[in-house]
Amino acid sequence: MSLQECLARRKDCSGEGRILPLSVVEEICNSTLQAAPLKSLFVVLPDGDDYSRGIYKYNSDGLVRLSDKEKTKFSMEVYPELFWKESIEFEDLIRVGITWQYLSLKVVSIGLGVSQRARAPKKLNKLVNNLTNQNHAFLYSVAVRERDRASLVEDTAKPLQKKVEEGTILLDTPACYKDRAIYENKYKGVPLDDVIFNLVDEKVPNHTNLHQISQLLWACQGETDHATHGNRDTLEKNGYGRVHASGCAGYAIYPIVYVKYLAEISEGSYVYNPVGYSALNRWIKVNGTITYDHFLRQFSSEPISAEIEKEFDTSFSNYAILLCIDRKKPCAGLMHRIMNLKYWAEVEAGMALAGLQLQANALGLKWKKKILSNPDDPKYRTLFNLDSAEQEINKTANNLVNRADNERVSLEGNLVPIVLFHLLEG
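Per the numbering used here, the sequence shown runs over residues 227 to 652.
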């Protein structure tokens with residue numbers, strides 16, 4: 227299965243588990259470990275045909291059982307290595323998110339599903355720490371399960387007839403959706419394993435059209451198909467939403483694009499809107515053509531690329547993508563009592579970054595990332611013009627058509643910049 231097929235089919239599943247052959251368990255672990263080859267994974271397994279239940283550690287030495295005191299009712303559970311510190315570094319939190327996205331996509335590619343929950347597995351965490359005599363921190367639980375969602379359902383609601391407003395840049399349709407390819411099993415993309423293991427040709431970025439940036443932004447934060455229309459909760463219960471998991475469908479990630487030169491787009495700063503004009507329909511009709519509904523919206527025409535490059539001692543080819551988070555976004559109300567919200571937005575940023583990295587690999591593009599070590603520094607609000615970005619995000623959210631009562635497009639708090647990502651010229 228290709229990367230984009232896996233992204234389009236990624237859904238949070240709640241089915242029971244089934245016993246996997248040891249070779250498949252190891253295949254999942256090996257693929258997941260590529261997100262952080264120098265770290266370890268902790269794996270919980272049930273009794274299998276060629277392995278015994280228990281807690282295992284997986285790294286470059288393979289799968290080693292630590293204890294038989296724990297088992298899982300799912301196919302397997304996976305936890306990235308993370309050591310507890312008084313203040314966990316953002317780079318470590320981003321790595322956890324990247325690892326989870328690698329796991330999710332690999333599991334989807336073999337016909338299973340995942341369930342990622344923002345609840346710390348305290349009992350398991352304590353047991354692993356006792357076994358290893360170390361202070362690991364398992365922030366959330368993640369299980370490999372049987373898929374219990376529809377495989378893929380095309381959005382059949384009548385597309386809205388829209389006129390694209392000034393300052394709005396309608397992006398290209400993701401390649402897997404063009405000409406109904408993914409629905410008719412005609413889409414041929416780069417196989418997921420090739421993308422994960424980086425077995426792709428390196429090409430010079432193409433800035434003459436919007437194809438590549440459309441693919442990158444969709445893989446980072448775009449939406450998958452909708453099988454029903456109306457209330458966002460119904461959509462989530464049916465397993466449809468973003469291309470990566472989100473804490474209680476909070477959607478804490480906001481990509482911002484700083485353009486120097488890109489096709490016919492004016493230089494300036496833009497926010498990416500993954501839900502498009504309606505938020506409940508993936509398609510719109512513009513000038514008689516039906517297209518995928520996602521766009522960039524300019525919030526400043528002031529050129530600030532040079533200042534960003536100077537601050538981070540880098541040079542980006544034509545545009546850079548900044549991933550921001552809203553820490554107040556994930557979950558609401560009673561869910562705060564059972565969910566660990568302290569780090570979820572940062573981990574979710576790692577999932578979005580994984581989508582960017584993997585899609586760039588699939589396109590054969592070289593890339594560079596910079597994780598901000600002190601994202602709360604006030605200087606970044608000025609550097610990235612975040613005040614204006616916030617105003618545009620909330621303004622756009624209020625103008626959506628068919629906006630459900632629980633639609634979480636606007637901000638709950640302030641934008642916090644986490645990762646700067648850009649392409650390299652060959």
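The beta carbon of each residue, even a glycine, is placed where N, CA and C say it ideally should be. Only a predicted model underlies this, so the values are computations on that prediction, with no experimental measurement involved.
Three-way DSSP call (helix, strand, coil) for residue i in this model
{"i": "F200", "result": "Any question about residue 200 goes unanswered here, given that the chain covers just 227 to 652."}
{"i": "I547", "result": "strand"}
{"i": "S472", "result": "coil"}
{"i": "H433", "result": "coil"}
{"i": "G559", "result": "Low local confidence applies: a pLDDT of 46 at G559 is under 50, so the model's placement there is unreliable, and no value is given."}
{"i": "I245", "result": "coil"}
{"i": "T325", "result": "helix"}
{"i": "S614", "result": "helix"}
{"i": "F300", "result": "coil"}
{"i": "A478", "result": "coil"}
{"i": "T515", "result": "strand"}
{"i": "S495", "result": "strand"}
{"i": "S199", "result": "Outside the displayed range of the chain (227 to 652) lies residue 199, so it cannot be described from this structure."}
{"i": "L506", "result": "coil"}
{"i": "K595", "result": "strand"}
{"i": "E449", "result": "strand"}
{"i": "Q441", "result": "helix"}
{"i": "A627", "result": "The displayed chain sequence assigns Val, not Ala, to residue 627. Reduced to three states, the DSSP call for V627 is coil."}
{"i": "D405", "result": "helix"}
{"i": "L259", "result": "helix"}
{"i": "V485", "result": "strand"}
Where the alpha helix (DSSP H) containing residue i begins and where it ends
{"i": "H648", "result": "Note, H648: premise wrong, no alpha helix (DSSP H); beta strand (DSSP E) at V642 to L649."}
{"i": "K352", "result": "K348 to T358"}
{"i": "V573", "result": "W570 to A588"}
{"i": "L233", "result": "L229 to R235"}
{"i": "R418", "result": "Note that residue 418 is Leu in the sequence shown, not Arg. L418 to I422 is the extent of the alpha helix (DSSP H) around L418."}
Cβ shell of residue i (< 6 Å), same chain only, five flanking positions each side left out
{"i": "W444", "result": "P400"}
{"i": "L612", "result": "L641"}
{"i": "P500", "result": "Q447, G448, E449 and H520"}
{"i": "K596", "result": "F538 and L646"}
{"i": "K388", "result": "Y503, I510 and V512"}
{"i": "P272", "result": "R279, K297 and T298"}
{"i": "L584", "result": "L229 and V421"}
{"i": "K592", "result": "E428 and L650"}
For residue i, the first and last residue of its enclosing beta strand (DSSP E)
{"i": "R653", "result": "Nothing in the structure corresponds to residue 653, since the chain is present only between 227 and 652."}
{"i": "I534", "result": "Segment S531 to F538 is the alpha helix (DSSP H) holding I534; no beta strand (DSSP E) there."}
{"i": "I281", "result": "G280 to N285"}
{"i": "R345", "result": "No beta strand (DSSP E) holds R345; DSSP gives it neither H nor E."}
{"i": "A369", "result": "S367 to R371"}
{"i": "I395", "result": "T394 to L396"}
{"i": "G288", "result": "G288 to S293"}
{"i": "V270", "result": "L267 to L271"}
{"i": "S526", "result": "F521 to S526"}
Whole-number beta carbon distance between residue j and residue i, since they are thought to touch under 8 Å
{"i": "L226", "j": "K555", "result": "It is not possible to answer for residue 226, since the shown part of the chain is limited to 227 through 652."}
{"i": "S301", "j": "L338", "result": "6 Å"}
{"i": "F525", "j": "S495", "result": "6 Å"}
{"i": "D275", "j": "I314", "result": "That belief does not hold up - the Cβ atoms of D275 and I314 are roughly 38 Å apart, past 8 Å."}
{"i": "V497", "j": "R468", "result": "So it is not a contact: roughly 16 Å between Cβ atoms."}
{"i": "I551", "j": "I479", "result": "6 Å"}
{"i": "L609", "j": "I534", "result": "7 Å"}
{"i": "Q342", "j": "D238", "result": "7 Å"}
{"i": "A363", "j": "F316", "result": "With 8 Å as the limit, A363 and F316 do not qualify as a contact, their Cβ atoms being about 14 Å apart."}
{"i": "G473", "j": "R553", "result": "About 11 Å separates the two Cβ atoms, so there is no contact after all."}
{"i": "S257", "j": "I422", "result": "6 Å"}
Beta-carbon proximity list for residue i, same chain, < 7 Å, skipping 5 on both sides
{"i": "R508", "result": "D381, E449, D451, H452, Y518 and D519"}
{"i": "A575", "result": "I320, G323, I479, L549, I551, I644 and V645"}
{"i": "D420", "result": "V426"}
{"i": "Y284", "result": "C255, L259, S266, L267 and V269"}
{"i": "N359", "result": "none"}
{"i": "G559", "result": "Low confidence applies here, because G559 scores a pLDDT of 46, under 50, leaving its location unreliable and the question unanswered by this model."}
Chain-order list of residues whose beta-carbon lies under 8 Å from that of residue i (same chain, five-residue window excluded)
{"i": "N624", "result": "S636"}
{"i": "G241", "result": "G339, R371, E372, R373 and D374"}
{"i": "S173", "result": "Residue 173 lies beyond the stretch modelled for the chain, which goes from 227 to 652, so this question has no answer here."}
{"i": "I424", "result": "The sequence shown places Asn at residue 424, rather than the Ile named in the question. Around N424: N587."}
{"i": "A234", "result": "L378, P400, C402, Y403, I408, T450, D451 and V469"}
Between the stretch 617-624 and the stretch 635-644, can you find at least three pairs of beta-carbon atoms closer than 8 Å?
yes
Assess contact between the stretch 323-332 and the stretch 573-584, defined as three or more Cβ pairs (one per stretch) separated by less than 8 Å. Is contact present?
Three or more Cβ pairs drawn from the stretch 323-332 and the stretch 573-584 lie within less than 8 Å of each other, which places the two stretches in contact.
Should the stretch 422-436 be called in touch with the stretch 523-542, which here means at least 3 C-beta pairs below 8 Å?
no
Do the stretch 341-359 and the stretch 289-299 make contact, defined as three or more Cβ pairs closer than 8 Å?
When C-beta atoms of the stretch 341-359 are compared with those of the stretch 289-299, three or more pairs fall below 8 Å, so the two segments count as touching.
Could you check whether the stretch 395-409 touches the stretch 228-236, counting it as contact only if at least three pairs of C-beta atoms, one from each stretch, sit closer than 8 Å?
yes
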